[in-house]
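What follows is a single structure, written as structure tokens, with notes after it.
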Amino acid sequence: MSDVKNTGELWRPAPEAAAATNMAKLMADLAREYRVTFADYAAFHAWTIAEPEKFWLHVWDACAVRGESGDIVVEDDTKMPGARWFPEASLNYAENLLRPRPPDAEVIVFRGENGRRRALTYKKLYEAVSRMAQALERMGVRAGDKVAAYMPNCPETVIAMLAAVSVGAVFSSASPDFGVNG
Numbered sequence: 011m012s013d014v015k016n017t018g019e020l021w022r023p024a025p026e027a028a029a030a031t032n033m034a035k036l037m038a039d040l041a042r043e044y045r046v047t048f049a050d051y052a053a054f055h056a057w058t059i060a061e062p063e064k065f066w067l068h069v070w071d072a073c074a075v076r077g078e079s080g081d082i083v084v085e086d087d088t089k090m091p092g093a094r095w096f097p098e099a100s101l102n103y104a105e106n107l108l109r110p111r112p113p114d115a116e117v118i119v120f121r122g123e124n125g126r127r128r129a130l131t132y133k134k135l136y137e138a139v140s141r142m143a144q145a146l147e148r149m150g151v152r153a154g155d156k157v158a159a160y161m162p163n164c165p166e167t168v169i170a171m172l173a174a175v176s177v178g179a180v181f182s183s184a185s186p187d188f189g190v191n192g
């Protein structure tokens, strides 16, 4: 290893920039909801550890997760790692990832080995996933079925995964990039 020494703090955002972050909004929302005061980030962090159920249920709601969180937020929180978060939750990844967004915003940017750039907007992604999901349903794929793919790391693989999970199937893939030794 090198002889790099800790020279202290390298950068700190301006107070007005820090106050405009999503983290500051989350802290303010939780302070208001639970009538608590956070002197600083360390106090906030300590509260999230002491009150994991309150914190994570608020995050679920603040992120507008589509689905049912269930009655249990965390099971066996004394095991880290090993705790089970939202063990009764029911949601669909595709539904959450494909919910309305600015239609022309780029959501996937891909660069092939040739350096060529391809980008998909939310609208194009949604349309491609819809077409693939309809094709899977016509082939008889239903909730609980398994869909496996041997596809490269490219936008079409993401489309296949989102289409499969949107109909309730389980998706697994392996890329040829892994090679013969995985």
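Here our numbering is used: the first residue of the sequence shown is 11, the next is one more, and so on.
Each residue gets a CB set at the ideal place from its N, CA and C atoms; glycine is no exception.
Small disclaimer: the values here were computed from a predicted structure and weren't measured.
Find out if the Cβ-Cβ distance for the pair E98, G122 is shorter than 8 Å. One-based indexing of the sequence shown puts residue 98 at position 88. One-based indexing of the sequence shown puts residue 122 at position 112. No, the pair does not count as a contact, with Cβ atoms beyond the cut-off.
Extent of the continuous beta strand (DSSP E) to which I82 belongs: Working through the sequence shown from its first residue, we reach residue 82 at position 72. Here I82 belongs to no beta strand (DSSP E), and DSSP marks it neither H nor E.
Which class does W21 belong to by DSSP, given the choice of helix, strand or coil? Taking the first residue of the sequence shown as position 1, residue 21 is located at position 11. Residue state, collapsed to three classes: coil.
Contiguous beta strand (DSSP E) assignments of at least 3 residues, all confined to the segment 74-158: Segments of the beta strand (DSSP E) lying fully in the segment 74-158: 116-121, 127-131.
Is the separation between the beta-carbon of P165 and that of R128 shorter than 8 Å? Looking up residue 165 in the sequence shown gives position 155. Looking up residue 128 in the sequence shown gives position 118. P165 is a Cβ neighbour of R128, given a cutoff of 8 Å.
If you draw a straight line from the alpha carbon of K15 to that of A28, how long is it in whole angstroms? To locate residue 15, count along the sequence shown from 1; it is residue 5. To locate residue 28, count along the sequence shown from 1; it is residue 18. Answer to the nearest angstrom: the Cα atoms are 27 Å apart.
Would you mind working out which of F54, N102, A174, T131 sits nearest A2, comparing C-alpha positions? Outside the displayed range of the chain (11 to 192) lies residue 2, so it cannot be described from this structure.
Report yes if the C-beta distance between R76 and R109 is below 8 Å; otherwise report no. Counted from its first residue, the sequence shown places residue 76 at position 66. Counted from its first residue, the sequence shown places residue 109 at position 99. Their beta carbons are under 8 Å apart, which means R76 touches R109 by this criterion.
Would you say M142 and I118 are within 8 Å of each other, going by their C-beta atoms? Against the sequence shown, residue 142 aligns to sequence position 132. Against the sequence shown, residue 118 aligns to sequence position 108. No; because the gap between Cβ atoms is not below 8 Å, this pair is not in contact.
A52: which of M33, R45, R42, Y44 sits nearest, CA to CA? Mapped onto the sequence shown, residue 52 falls at position 42. The shortest Cα separation from A52 among M33, R45, R42, Y44 belongs to M33.
DSSP puts A184 in a beta bridge; with which residues? Residue mapping note: residue 184 aligns to position 174 of the sequence shown, counting from 1. According to DSSP, A184 shares a beta bridge with Y160.
Is R45 helix, strand or coil by DSSP? Counted from its first residue, the sequence shown places residue 45 at position 35. It is coil, neither helix nor strand.
For L107 and L172, which I take to be in contact (beta-carbon distance under 8 Å), what is that distance rounded to the nearest angstrom? In the sequence shown, counting from the first residue as 1, residue 107 sits at position 97. In the sequence shown, counting from the first residue as 1, residue 172 sits at position 162. At roughly 6 Å, the Cβ-Cβ gap stays under 8 Å, so L107 and L172 are in contact.
Cα separation between L130 and A138? Indexing the sequence shown from 1 puts residue 130 at position 120. Indexing the sequence shown from 1 puts residue 138 at position 128. Whole-angstrom Cα-Cα distance: 10 Å.
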